[in-house]
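Chemist: Following this message is one structure expressed as structure tokens.
Number of protein chains: 2
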Amino acid sequence: MSQSTIQQSSVRNGLLAALAPADWAHLGPHLEAVELPFDQTVHAAGGPVDAVFFIETGMVSILVTLEDGSQVESGIAGPEGLLGLTLVFGDSRSLTDARVQLEGTALRIGAAALHTAMDGSPALRALLLRYALAFLGQVTQSGACNARHPIENRLARWLLTAHDRAGVDEFAMTHEFMAMMLGVNRPGVSIAAGILNRAGLIRYVRGRMTITDRPGLEAATCECYHTVRHEYARLLGPRAAAPAASAG
Amino acid sequence: MSQSTIQQSSVRNGLLAALAPADWAHLGPHLEAVELPFDQTVHAAGGPVDAVFFIETGMVSILVTLEDGSQVESGIAGPEGLLGLTLVFGDSRSLTDARVQLEGTALRIGAAALHTAMDGSPALRALLLRYALAFLGQVTQSGACNARHPIENRLARWLLTAHDRAGVDEFAMTHEFMAMMLGVNRPGVSIAAGILNRAGLIRYVRGRMTITDRPGLEAATCECYHTVRHEYARLLGPRAAAPAASAG
DNA sequence: AATCATTTGTTCGATTTCGAACGTACGGAC
DNA sequence: GTCCGTACGTTCGAAATCGAACAAATGATT
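Each protein sequence line maps, in turn, to chains A and B.
Positions 1 to 248 (this note's numbering) are the ones given, in order, by the first sequence.
Positions 1 to 248 (this note's numbering) are the ones given, in order, by the second sequence.
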């Protein structure tokens, strides 16, 4: 079985890496390495959640589906976090879709084993709850951001958040996709991306996004990026603020 | 001391009422009745949180403050819930303001006593975490709602949510206030309120809002109201869906 | 190599929403 | 009862955003 071979020292997920060896011992034997292929729906809105996925590499969007069929991103998870948060709360049903935006890998643990581990390790429980709080902070800030900030700032924020988790400067990303994430229409993203492009902050051709000036993007984002980042760092340590960069 | 006189049978808060007597025994002796006067800031963004407030009557908004000084509502709590959620997660700092919108009363318990009670009562811990998940659902849905739904629908939703917690059909509420809650400008609310007014769903004069046609309002809201309500009912029971109505 | 189906990015007019200024109504003080 | 300070709700032009149609580019297929 592959799960018996996983060593904590080789783990890239920030939550798992932060565990003391005694707490890791509750989880490690039950973890199973799985792929996160592009566009996979890990959990579906309204559906059951029978496992938590600690993300090792890649990026996954948490999406609300509205009555008209449109989807809006409420949060992002990467190597700093996990999928299946509802299980941490003791529930087993998802209100949202979890969809892979940048392919990667994860370590999976079933609901029963997770709950046994959380009951046996107060430190593990506390850590996962701190992550849940950080995620709530992200969702909270995003809601205000959606209400008040213009598309251009929000796009810069989204690109920075993705960049933090991607681990590379170039990745596949279409305007249509970003428009859906931000809850705006495609032309709006095209205009905003054009501005960032002409300013030299990004280079964008045919579905391939390259971050060329990260400090410039950080100047172009609204404060929401920094607010969320600081909250992650406060609750989970500086590593959570740039998960992919520190995982290498 | 007033806290020793509180009987569970007299409690109007939905979370406290749902506890089994054995679990109530962990909390009851530490609860202290407090007032929630209009406009009081119970917790301030960035500040410490040293107690949880189980709301008995009234309504409290959870607000994000943005760099430009504007505030946007991310969630609402009433007799179905509590303030100081960060303590349930094991943290003690608030990312948001909690401000009283409709005056009322609450039962307060200090952080240390709460944590002792949660450690001693798995059922209490589970209940509070389910509330936290329901609140996360509310914040999540609100974020998507902010991004995609027009002011008129969102106003109807907000009025229904307030009505659920107010326990009365008439309450004090200005356009300016509602505009801030929704993250839009005042004229937008005036136009939307005028439409609802002419349709006979509400009656609005000089800062006094009266709900005159609740079924009509439920037809005028976006789906977000029902989505959140169902999630509260699923996680916390039907009582949480109309907290003030069932508390009497 | 040329064609075609598909996806992508841009342009356009229409609608919504914004920010500031205007006129109006309330409530306390004298 | 009248004055005055304060807060309120509405109106306006300006800007941002929307939804639909258009144009361009890719890559699979023949």
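Ideal Cβ positions, reconstructed from N, Cα and C, are used throughout, including at glycine.
Values in this document were obtained by computation on a predicted structure and should not be read as measured data.
For residue 231/B, which residues in chain A fall below 7 Å Cβ to Cβ?
Modeler: Counted from its first residue, the second sequence places residue 231/B at position 231. 95, listed in chain order.
Chemist: With a threshold of 8 Å between beta-carbons, can residue 16/B be considered close to chain A, or not?
Modeler: Walking along the second sequence from the start, residue 16/B turns up at place 16. Not closer than 8 Å to any Cβ of chain A, the Cβ of residue 16/B fails to qualify, so no.
Chemist: If you drop the 5 nearest sequence neighbours on each side, which residues of the same chain put their C-beta closer than 6 Å to that of residue 16/A?
Modeler: Taking the first sequence and counting its residues from 1, the one referred to as residue 16/A is at position 16. Contacts found: 54.
Chemist: Taking residue 107/A as the query, report the chain B residues whose CB atoms sit under 7 Å from its CB, ordered along the chain.
Modeler: Against the first sequence, residue 107/A aligns to sequence position 107. Neighbours of residue 107/A on chain B: none; closest Cβ ~23 Å, over 7 Å.
Chemist: Could you tell me the alpha carbon to alpha carbon distance between residue 103/A and residue 79/A, rounded to whole angstroms?
Modeler: Indexing the first sequence from 1 puts residue 103/A at position 103. Indexing the first sequence from 1 puts residue 79/A at position 79. So the two alpha carbons sit approximately 12 Å from each other.
Chemist: Go ahead and label residue 230/A buried or exposed: buried means 16 or more other beta carbons lie within 10 angstroms of its beta carbon, across all protein chains shown.
Modeler: If you number the first sequence from 1, residue 230/A lands on position 230. Residue 230/A should be labelled exposed.
Chemist: If the cut is a Cβ gap below 7 Å, which residues of chain A does residue 44/B touch?
Modeler: For the purposes of this step, residue 44/B is taken as the residue at position 44 of the second sequence. Ordered by position in chain A, no residue passes the 7 Å Cβ test against residue 44/B, which lies about 15 Å from the chain.
Chemist: Which of the three DSSP states is assigned to residue 175/A in this structure?
Modeler: For the purposes of this step, residue 175/A is taken as the residue at position 175 of the first sequence. Assignment of residue 175/A by DSSP, reduced to helix, strand and coil, places it in the helix class.
Chemist: Is the CB of residue 141/B under 8 Å away from at least one CB in chain A?
Modeler: Against the second sequence, residue 141/B aligns to sequence position 141. True, the Cβ-Cβ gap to chain A drops below 8 Å.
Chemist: Which of helix, strand or coil does DSSP assign to residue 184/B?
Modeler: To locate residue 184/B, count along the second sequence from 1; it is residue 184. Coil at residue 184/B, not helix or strand.
Chemist: Closest by CA to residue 217/A, which one among 101/A, 44/A, 38/A and 193/A?
Modeler: Walking along the first sequence from the start, residue 217/A turns up at place 217. The shortest Cα separation from residue 217/A among 101/A, 44/A, 38/A and 193/A belongs to 193/A.
Chemist: Where does residue 135/B land, buried or exposed, given buried means 16+ other C-beta within 10 angstroms?
Modeler: Position 135 of the second sequence, counted from the start, is the residue given in the question as residue 135/B. Buried.
Chemist: Put residue 213/B into one of helix, strand or coil per three-state DSSP.
Modeler: Here residue 213/B refers to the residue found at position 213 of the second sequence. In the three-state scheme derived from DSSP, where H, G and I count as helix and E and B as strand, residue 213/B is classed as coil.
Chemist: Where residue 39/B and residue 174/B are concerned, what is the direct C-alpha to C-alpha distance, given to the nearest angstrom?
Modeler: Position 39 of the second sequence, counting from 1, holds the residue named residue 39/B. Position 174 of the second sequence, counting from 1, holds the residue named residue 174/B. Their backbone Cα atoms lie some 13 Å apart in a straight line.
Chemist: Please report the distance separating the alpha-carbon of residue 105/A from that of residue 121/B.
Modeler: Counted from its first residue, the first sequence places residue 105/A at position 105. Counted from its first residue, the second sequence places residue 121/B at position 121. Going from the Cα of residue 105/A to the Cα of residue 121/B covers about 37 Å.
Chemist: How do the segment 136 to 154 of chain A and the segment 180 to 190 of chain B stand: do at least 3 beta-carbon pairs fall below 8 Å, yes or no?
Modeler: yes
Chemist: Could you confirm whether any beta carbon from chain B is found closer than 8 Å to the beta carbon of residue 64/A?
Modeler: Numbered from its first residue, the first sequence carries residue 64/A at position 64. So, interface residue.
Chemist: Just how far apart, CA to CA, sit residue 179/B and residue 188/B?
Modeler: Indexing the second sequence from 1 puts residue 179/B at position 179. Indexing the second sequence from 1 puts residue 188/B at position 188. Between residue 179/B and residue 188/B, the C-alpha separation is close to 8 Å.
Chemist: Use the C-beta contact count for residue 5/A: other C-beta atoms within 10 angstroms, 16 or more gives buried, fewer gives exposed.
Modeler: One-based indexing of the first sequence puts residue 5/A at position 5. With fewer than 16 other Cβ atoms within 10 Å, it is exposed.
Chemist: Let me check understanding here. Comparing Cα to Cα, which of 112/A, 214/A, 143/A and 12/A lies closest to residue 64/A?
Modeler: Numbered from its first residue, the first sequence carries residue 64/A at position 64. Nearest C-alpha to residue 64/A: 143/A.
Chemist: Write down the C-beta distance between residue 244/B and residue 167/B rounded to the nearest angstrom, noting that I regard them as a contact closer than 8 Å.
Modeler: Counting from 1 along the second sequence, the entry for residue 244/B is found at position 244. Counting from 1 along the second sequence, the entry for residue 167/B is found at position 167. Correct: roughly 3 Å between the Cβ atoms.
Chemist: Within the same chain, show all residues whose beta-carbon is closer than 6 Å to that of residue 241/A, passing over the 5 residues directly before and after it, in chain order.
Modeler: As a first step, residue 241/A must be located in the first sequence, where it is residue number 241. Answer for residue 241/A: 229, 232 and 233, listed in chain order.
Chemist: Measure the beta-carbon distance from residue 92/A to residue 49/A and round it to whole angstroms, keeping in mind my assumption that it falls under 8 Å.
Modeler: Counting from one through the first sequence, the residue named residue 92/A turns up at place 92. Counting from one through the first sequence, the residue named residue 49/A turns up at place 49. Indeed they touch by this definition, with Cβ atoms about 5 Å apart.
Chemist: Under the assumption that residue 60/A contacts residue 77/A (Cβ atoms under 8 Å), give the Cβ distance between them as a whole number of angstroms.
Modeler: Within the first sequence, numbered from 1, the residue matching residue 60/A stands at position 60. Within the first sequence, numbered from 1, the residue matching residue 77/A stands at position 77. Correct: roughly 5 Å between the Cβ atoms.
Chemist: Is the CB of residue 170/B under 8 Å away from at least one CB in chain A?
Modeler: Locating residue 170/B in the second sequence gives position 170, where the first residue counts as 1. For residue 170/B, the answer is no, since every Cβ of chain A falls outside 8 Å of its Cβ.
Chemist: Report the CB separation of residue 56/A from residue 67/B in whole angstroms; it is logged as a contact under 8 Å.
Modeler: Taking the first residue of the first sequence as position 1, residue 56/A is located at position 56. Taking the first residue of the second sequence as position 1, residue 67/B is located at position 67. That pair is no contact at about 34 Å.
Chemist: Quick check: what's the CA-CA separation for residue 141/B versus residue 221/A?
Modeler: Walking along the second sequence from the start, residue 141/B turns up at place 141. Walking along the first sequence from the start, residue 221/A turns up at place 221. Taking the straight line from one Cα to the other gives about 23 Å.
Chemist: Exposed or buried, residue 71/B, counting other C-beta atoms within 10 Å across all chains shown (16 or more means buried)?
Modeler: The residue given as residue 71/B occupies position 71 in the second sequence. The residue is buried, with at least 16 neighbouring Cβ atoms inside 10 Å.
Chemist: Of all the alpha helix (DSSP H) runs that stay within the bounds of the segment 1 to 28 of chain B, which reach a length of 4 or more residues?
Modeler: Counting only runs of 4 or more, we get 14 to 17 and 21 to 27.
Chemist: How many Å lie between residue 163/A and residue 213/A at the Cα?
Modeler: On the first sequence, position 163 is the one that residue 163/A refers to. On the first sequence, position 213 is the one that residue 213/A refers to. If you take the alpha carbons of residue 163/A and residue 213/A, they lie about 11 Å apart.
Chemist: Counting C-beta neighbours from all protein chains within 10 Å, is the total for residue 73/A 16 or more, i.e. buried, or is it exposed?
Modeler: As a first step, residue 73/A is located in the first sequence; it is residue number 73 there, counting from the start. That one is buried.
Chemist: Taking the straight line between their C-alpha atoms, what separation do you get for residue 42/A and residue 177/B?
Modeler: The residue given as residue 42/A occupies position 42 in the first sequence. The residue given as residue 177/B occupies position 177 in the second sequence. Near 40 Å, if we compare the C-alpha coordinates of residue 177/B and residue 42/A.
Chemist: Cutting at 6 Å between CB atoms, please list the residues of its own chain near residue 203/B, excluding the five before and the five after it.
Modeler: The sequence position of residue 203/B within the second sequence is 203, counting from 1. Cβ within range, chain order: 210 and 212.
Chemist: Near residue 198/B, which residues of its chain fall below 8 Å by C-beta distance, leaving aside the five closest residues on each side in sequence?
Modeler: Against the second sequence, residue 198/B aligns to sequence position 198. For residue 198/B, where only same-chain residues beyond five positions count, there are no Cβ hits under 8 Å.
Chemist: If we ignore side chains and look at the alpha-carbon of each, how far apart do residue 81/B and residue 123/B end up?
Modeler: Start at 1 with the first residue of the second sequence, and residue 81/B comes out as number 81. Start at 1 with the first residue of the second sequence, and residue 123/B comes out as number 123. Approximately 16 Å between the Cα atoms of the pair.
Chemist: With H, G and I counted as helix, E and B as strand and the rest as coil, what does DSSP make of residue 80/A?
Modeler: What you label residue 80/A is simply residue 80 of the first sequence in a count that begins at 1. Reduced to three states, the DSSP call for residue 80/A is coil.
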